[in-house]
Amino acid sequence: MEYFIALLIVLPAVVLAAQRSTYLLDYVFFVFSLNRGIRRLVDYYINGAFNPLSSISLTPLVVSAILLVPAMARFGQLTASSRNVATLIMVALGHGLVIGFVNAGVGAFYSLGEWMAGFGAFLYAATAPITSQTADRWMRSCGYAALIVAVYGWYQYYTIPVWDAFWVTEVKFVGYLGQLRPTEMSVFSTMHERGPCASFLAWAAIPMILNARWRIIGSWATVLLLLSVVVLTLTRSMFIIVGLVAMLQPALSKGKGIGRVIVLAVLLGVGATVGLQYMPGSERITKRYDTMKDMQNDGSFKGRMSILTTGLPWVVQHPLGLGLGSSGFGAGRIGGAGGEKEGFCDSGYIEVFSQFGWIGGLAFFAAMAQIWSELSRRIRLGGHDPFLNTGRVVLVGCLVFLAVGNVFGGFSLFWVFLGLSLNNMTLPFSTPQYWMPETYQPEFQDPMQAWETPAPGLPPTAERATAAGQDFHSSNPHFRII
Numbered sequence: 076m077e078y079f080i081a082l083l084i085v086l087p088a089v090v091l092a093a094q095r096s097t098y099l100l101d102y103v104f105f106v107f108s109l110n111r112g113i114r115r116l117v118d119y120y121i122n123g124a125f126n127p128l129s130s131i132s133l134t135p136l137v138v139s140a141i142l143l144v145p146a147m148a149r150f151g152q153l154t155a156s157s158r159n160v161a162t163l164i165m166v167a168l169g170h171g172l173v174i175g176f177v178n179a180g181v182g183a184f185y186s187l188g189e190w191m192a193g194f195g196a197f198l199y200a201a202t203a204p205i206t207s208q209t210a211d212r213w214m215r216s217c218g219y220a221a222l223i224v225a226v227y228g229w230y231q232y233y234t235i236p237v238w239d240a241f242w243v244t245e246v247k248f249v250g251y252l253g254q255l256r257p258t259e260m261s262v263f264s265t266m267h268e269r270g271p272c273a274s275f276l277a278w279a280a281i282p283m284i285l286n287a288r289w290r291i292i293g294s295w296a297t298v299l300l301l302l303s304v305v306v307l308t309l310t311r312s313m314f315i316i317v318g319l320v321a322m323l324q325p326a327l328s329k330g331k332g333i334g335r336v337i338v339l340a341v342l343l344g345v346g347a348t349v350g351l352q353y354m355p356g357s358e359r360i361t362k363r364y365d366t367m368k369d370m371q372n373d374g375s376f377k378g379r380m381s382i383l384t385t386g387l388p389w390v391v392q393h394p395l396g397l398g399l400g401s402s403g404f405g406a407g408r409i410g411g412a413g414g415e416k417e418g419f420c421d422s423g424y425i426e427v428f429s430q431f432g433w434i435g436g437l438a439f440f441a442a443m444a445q446i447w448s449e450l451s452r453r454i455r456l457g458g459h460d461p462f463l464n465t466g467r468v469v470l471v472g473c474l475v476f477l478a479v480g481n482v483f484g485g486f487s488l489f490w491v492f493l494g495l496s497l498n499n500m501t502l503p504f505s506t507p508q509y510w511m512p513e514t515y516q517p518e519f520q521d522p523m524q525a526w527e528t529p530a531p532g533l534p535p536t537a538e539r540a541t542a543a544g545q546d547f548h549s550s551n552p553h554f555r556i557i
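Residue numbers (the numbering used here): 76 to 557.
Given below as structure tokens:
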């Protein structure tokens, strides 16, 4: 039954791909956001046991792989700069796969699938022959998928459904996620962990904050709902990236969008001061977020700084890296997690170099620099598409967030956003220049009058030519005897 349900999840993606439908990406958003919730229902009600190798958990990787089929077929349609970006990322992935296969075996291919989920979405969005209306629909589809996650998140917070409690117990997350009592457990909603849940909701909220055209039903109220569930996940780092991206937008757009930053600040201020007072379990939440006031003594912050300081010498001493499968999905699924091969997953910069080595790491960051250069070039040439300015904002936000985690190593809306910013639809329109020959005007004709209208006081044109001793036709350069 489990395999049949997995097939039912994948089948619509195959049909949409066969029809070359742009709704394929819309569907992928919902598969990524809901598949783990479906898996827990199947484990509890059908299997009666937890299956750590559930085929349903692989459906996001399968549907994202389907995105690569039309994307690679359209690869030649990319601009030269966009092809360079894609090629550099493929160099990094290729190097990581070779080294990873030597060190981690099959686990390298699982980690490659995790990376390709995001990169495939990037290529699909970059190569799709779409209009801005389709791109806007993709943004809103992610928002609606996040809305379902957020609504279920509040339901989970207040009730602790039995299938979720069963899963938390089986994976031994009791304590880490809190206690299995209403309002005493960190929310993970339909996702496989609280961190990915917070990341998905935050990235879905960011486009709604940056531009009104990407907001869904409820507008700012929906943004507040999504961010409220991020609070329930107790994942503080996502508020850093939301605030950072919101402030970068006016900074990189000559002040445009400062009003949205003010609105967001007001909403977060009201929610923090008023909303928490009436929410059960607010003491636990407040205690968690109060640690941000003293970051120097925060255990998580000090741990990440320790990883960074010990990771830099390690990177210098290991030019080839450990390859794909040393951390992330491949390491956990195949059983290679733990020890040195787990990598430095709490520091994205160190993890990128630990997976790709010097060659792949430099190629990856060269691709990020190329994205910035291309977006800036299109803006200088007169590009006004909203994906250009906001694309640069999202890119900088991701690079800053790499300090606390590898945000690039999986599917996320920002991969789609970066792909759309490089799509041909954002190319600035060049104004065509036409050469218009001047209309012939005889010297004796008043230029302000029509050809047939004689100047005042003069006889008609033919009579003037005859009076001058010329034949009219021979004096007219527009006349030719065949």
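By construction, the Cβ of each residue, glycine as well, lies at the ideal position given by its N, Cα and C atoms.
Handout entry: Coarse secondary structure for M260, derived from DSSP in three states
Key = strand
Exercise for the section: Classify P507 as buried or exposed, calling it buried when 16 or more other Cβ atoms lie within 10 Å of its own Cβ. Expected result: Annotation note: pLDDT 45 at P507 (below 50); position unreliable, coordinate value reported separately. Classification for P507: exposed.
Exercise for the section: Could you name the residues of the same chain whose beta carbon sits closer than 8 Å to that of M147, not counting the 5 residues immediately before and after it, in chain order? Expected result: L198
Practice task
Return yes when the Cβ of A442 is within less than 9 Å of the Cβ of I121, no when it is not.
Solution key: no
Practice task
Would you decide whether H170 is buried or exposed? Buried here means 16 or more other CB atoms lie within 10 Å of its CB.
Solution key: buried
Exercise for the section: Using only alpha-carbon positions, find the residue among A287, V304 and I382 that is nearest to V338. Expected result: A287
Problem - CA-to-CA distance, G344 to R115, given in whole angstroms - result: 36 Å
Exercise for the section: Work out the CA separation of G396 and A200 for me, nearest whole Å. Expected result: 30 Å
Problem - Per-residue burial, V90 [other beta carbons within 10 Å of its own, 16 or more giving buried] - result: exposed
Handout entry: Close Cβ partners of G435 (< 6 Å) along its chain, the five nearest in sequence each way excluded
Key = A167, H170 and G171
Practice task
Decide if Q430 is buried, meaning its Cβ has at least 16 other Cβ atoms within 10 Å, or exposed.
Solution key: buried
Handout entry: Opposing strand residues paired with G253 [DSSP bridges]
Key = M260
Practice task
Please confirm whether V304 and V341 have their CB atoms less than 9 Å apart.
Solution key: no
Problem - Sequence-distant residues of the same chain with beta carbon closer than 7 Å to R447, five excluded per side - result: Reading the sequence as shown, one finds Trp at residue 447 and not Arg. Excluding sequence neighbours, W447 sits near R467 and L470.
Practice task
Quick one: give me the first and last residue of the alpha helix (DSSP H) that I121 is part of.
Solution key: That residue, I121, is in no alpha helix (DSSP H); it is neither H nor E in DSSP.
Practice task
Can you say whether Y20 is buried or exposed, counting buried as having 16 or more other CB atoms within 10 angstroms of its CB?
Solution key: As shown, the chain starts at 76 and ends at 557. That puts residue 20 outside it, with no answer to give.
Exercise for the section: Could you check what DSSP says for E268 in three-state terms: helix, strand or coil? Expected result: coil
Handout entry: Cα-Cα separation between P236 and T501, rounded to whole angstroms
Key = 45 Å
Practice task
Could you check how far apart the C-beta atoms of V224 and S108 are, in whole angstroms? I think they sit under 8 Å.
Solution key: 5 Å
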